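Offset between the sequence shown (1-based) and this note's numbering: plus 2.
By construction, the Cβ of each residue, glycine as well, lies at the ideal position given by its N, Cα and C atoms.
The structure displayed is predicted, hence computed values, not measured ones.
Read the structure below first, then the notes.
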Amino acid sequence: MEQSPDFQEQLLLSKIPALKPVVSVVVATRNRSELLSKTVASILANSLENFELLIVDQSTDELSRESLQQFSQDRRLRYIHSDRAGLSRSRNLGIGLAQAPLIAITDDDCVVPPEWLSELIHICNRYPSVGLVFGQVLAITHDTTQGFVPDHVLKEEFWGRRPLDKIKIRGIGACMAVRKEAWRQIGGFDVLLGAGSLLRSCEDGDIALRMLLAGWQVLVTPAFSVSHAGFRTYREGRLLTKRDWYGIAAAYTKYIRGRNLSGIIILLYEFFGVAVFQFLIHVFLWRRPFGLLRITSFVQGFFASLKLPVDRRYYTYKTSEQIEQAAK
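Here you go:
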């Protein structure tokens, strides 16, 4: 599993020794200092005491680091600066440095409830075969005439036990958790997927399928939830759709190179069963065409990733560093 050497860790801790954490929280951030401070405050306000919070900062300025100075005496907080871009890289870096066997993950524009970590521990203690948990992401109040906030509202739990169960798992990385043992077994997040990376998105859907392929179960539950403040205008929403469907194609195209039937079936389902099907429904009902951007972005992501080399041990794309090392 790739680990970036290009980071500096600064411990914003008091001199009081910290309790051994039972859970570590990892938050990757980039140029969102105002939202980040609210995220950190909500996490540190959790009722559980013995946890640690790792902030992996890829910001291009000092504002995020400065915004955390108000928490500098809290022994649970660790700050890591990384010069390498990519959400998946940041998460892998944070998880690799984490001390606890259970890792909670949220985004730098989310706020978590006081019992967030306690609920996660309760879930994972009850279900030791679960390697990955997706929670509920609730949009904050916003003006729907101007834009939207991405969410993931759940009515009931769903268990993923087999690779093709991924078709029903639509969790997003703003509220998720992994066992470090499982994360290590599957080779971590694929660093070519996710925001800020070559293939743009879908690191969350990708890790869910790879967990299932490795024999771990995936739980999607409304009992584990966050509030999301990531407002987008509708114009920004088009860019988000383009990025997401490019990444969805890339995440599952690698199973052609990896020769995995379950992954190929999911690739076909996402294209024909979701993107094309929804577009055709609108055409047949004489509605305004909807979903063409999904189709074109998917096709672009498919061809962009089709020739990239794949590590079949983990079903991850090989990085340029891995390719160069193998050639030596």
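Residue interval of the alpha helix (DSSP H) (run including residue i)
i: C126; result: 118-128
i: F304; result: 294-307
i: D85; result: Run containing D85: none; DSSP gives neither H nor E here.
i: V285; result: 279-286
Buried or exposed by the 16-neighbour rule on C-beta atoms within 10 Å, applied to residue i
i: D85; result: exposed
i: V155; result: exposed
i: D145; result: exposed
i: G288; result: It is worth fixing the name first, because residue 288 is Trp in this sequence and not Gly. Under this definition W288 is an exposed residue.
i: T108; result: buried
i: K22; result: exposed
Assigned secondary structure, residue i (DSSP; H/G/I helix, E/B strand, else coil)
i: A176; result: coil
i: G137; result: strand
i: V276; result: helix
i: S35; result: helix
i: Y316; result: coil
i: S322; result: helix
i: L104; result: strand
i: A30; result: strand
Residue from the options whose Cα sits closest to the Cα of residue i
i: S90; options: R234, A176, W247; result: A176
i: R1; options: K170, A30, I107; result: Lying before the first or after the last residue shown, residue 1 is absent from the chain, which here runs from 3 to 330.
i: I266; options: T255, G275, F274, V276; result: T255
i: G207; options: K244, H230, D59, I250; result: I250
i: I97; options: K22, F279, K182, R237; result: K182
i: N33; options: K170, I57, E51, F305; result: I57
i: A100; options: G198, E238, A179, F292; result: A179
Bounding residues of the beta strand (DSSP E) (the contiguous stretch that carries residue i)
i: E54; result: 53-59
i: Q187; result: It is not in any beta strand (DSSP E) - Q187 instead sits in the alpha helix (DSSP H) that spans 182-187.
i: A225; result: 219-230
i: G162; result: 160-162
**Asked** Is it a yes or a no for the region 222-233 touching the region 264-279, going by three-plus beta-carbon pairs under 8 Å?
**Response** Too few Cβ pairs lie closer than 8 Å, so no.
**Asked** With a cut-off of 8 Å, do at least 3 Cβ pairs link the region 292-303 to the region 239-248?
**Response** Short answer: they touch.
**Prompt:** Does the region 202-218 come within contact of the region 124-143, defined as at least 3 CB pairs closer than 8 Å?
**Reply:** In this structure the region 202-218 lies against the region 124-143, because at least three pairs of beta carbons, one per stretch, are closer than 8 Å.
**Contact between the region 302-322 and the region 194-201 (3+ Cβ pairs under 8 Å)** = Counting Cβ pairs under 8 Å, three or more are found: they touch.
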